[in-house]
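With the working numbering applied, the sequence shown corresponds to residues 819 to 1117, in that order. We put the beta carbon where it would ideally sit given N, CA and C, even for glycine.
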Amino acid sequence: MGILFKADNGGFTGRDFDAVLSRLDLSGKTVLVYSRLLSFGRLTGEDAVKAMVLGMKRHIGAKGTLCIPAYSFSGYNNAVYDPENSRCIVGQLGETARKMLGFKRTFHPVYSHAVWGKHSKYLLAQNPHSSFGDDSFFELFSSIEGSCILFLGTTLSTATIVHRYDQHCAAKGRFLKNFTAKCLVDGKVSDMQFDSFVKDYEYYNGRVNCLAPLEVLADDLGIIKRERFANDWIHMISENDFRNIYSMFLLNGMTDYLMSSVADFQEYYQKNNFRYFMDRISKKELSRLKKLYKSGKMT
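What follows is the structure in structure tokens.
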């Protein structure tokens, strides 16, 4: 297999990527992938991206499902959403996957996904009028038993699915807002209404969502897998565990726990520094959070 990335410590091939995926045991799982490929090193080209997608398909297998964000943000930017041609603007993985044989793109003017595998038909039936509500893509994904979330070269803070949990838990600092999007359907442009659970900037007051404290707790609980690859890390967590640990903070009045300054977020996010808050949470506080998590007060 050819080289995928040229990293600080040499070239990393498809075989190296396969070895990591083998240790994560993706077989038969429904997997949602978030990525920041530049974290791994210098990408050798689109063929390398295709090789990564094909590698994930092989490891997931016919009984699993692969889901990759192909967000266009058309509905937020007054642009026409064309499911065939609107570019994915959240990474090369989604832009490549949406054009690959066997993948189909869900219909949503902001948060579309390229899906392949066993549960594709179920996920394609998502409600395009809701971003994070009932019957949205994220709710359907969450309902599939054994689903998991894979992070390639990026932190847990990139997971858009948390806004499904935000809406379900009526999180502070967010509210439901209606939008009108222009969509190309059967060769004609028409208006479509959809809603999204958006940020209240006055509440945030210069802060940003930051899951660094959650990452520390997830490590201590042993509910997240981490594998080194090239210049960075790959993480995996079950959707059920991720939903529970995130919702625990919201339902126990700790929404602000998952916010930080922009400077702290950049240090955590840009370097995939999931240990960044480790020294900021005392052993006593970590013990309290673990007990709260295990008490089940999170749904």
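(message) In the DSSP output, what is Tyr852 paired with across the bridge?
(response) DSSP output for Tyr852 lists Phe969 as bridge partner(s).
(request) Apply the 10 Å Cβ neighbour rule to Asp952 and answer buried if 16 or more other Cβ atoms are within range, or exposed otherwise. (result) Under this definition Asp952 is an exposed residue.
(message) Using C-beta distances below 6 Å, list every residue in its chain close to Tyr821, excluding the 5 sequence neighbours before and after it, in chain order.
(response) Looking at the sequence shown, residue 821 is not Tyr but Ile. Excluding five sequence positions before and after Ile821, the CB atoms of its chain that fall closer than 6 Å to its own CB belong to Gly829, Thr831 and Thr862, given in chain order.
(request) Please confirm if Gly1040 has its CB atom under 8 Å from at least one CB of chain D. (result) Judged by its chain identifiers, the structure shown contains no chain D, having just a single protein chain.
(request) Pick out whichever of Arg1093, Met1072, Val1003 and Ala999 has its Cα sitting closest to the Cα of Asp1013. (result) Taking each of Arg1093, Met1072, Val1003 and Ala999 in turn and checking the Cα distance to Asp1013, the smallest one comes out for Ala999.
(message) Considering only DSSP beta bridges, list what Pro887 is partnered with.
(response) Paired residue(s): His931.
(request) Sort Val908, Met870, Ser840 and Pro1031 by Cα distance to Phe823 and report the nearest one. (result) Considering only alpha carbons, the answer is Met870.
(message) In the DSSP assignment, the beta strand (DSSP E) including His1053 goes from what residue to what residue?
(response) Residues Asp1050 to Ser1056.
(request) Mind checking who Val1080 pairs with in its DSSP beta bridge? (result) Note: Val1080 sits in no beta bridge, so no partner.
(message) As a quick exercise: from Ala977, Ser1065, Tyr940 and Gly1005, pick the residue whose alpha carbon is nearest that of Ala780.
(response) Lying before the first or after the last residue shown, residue 780 is absent from the chain, which here runs from 819 to 1117.
(request) Have a look at Glu864, Asn896 and Arg1098 and flag the residue whose alpha-carbon is nearest the alpha-carbon of Glu1033. (result) Nearest in C-alpha terms to Glu1033, of all of Glu864, Asn896 and Arg1098, is Arg1098.
(request) Below 6 Å CB to CB, which residues in the same chain sit around Thr976 once its five sequence neighbours on both sides are set aside? (result) Contacts found: Tyr852.
(request) Determine the closest residue to Leu1104 out of Arg1046, Ile1063, Leu1035 and Ser1113, with distance taken between C-alpha atoms. (result) Of the listed residues, the one whose Cα sits closest to Leu1104 is Leu1035.
(request) Look at the Cβ atom of Arg992, then the Cβ atom of Asp1018, and state whether they are nearer than 8 Å. (result) For Arg992 and Asp1018, yes; Cβs fall inside 8 Å.
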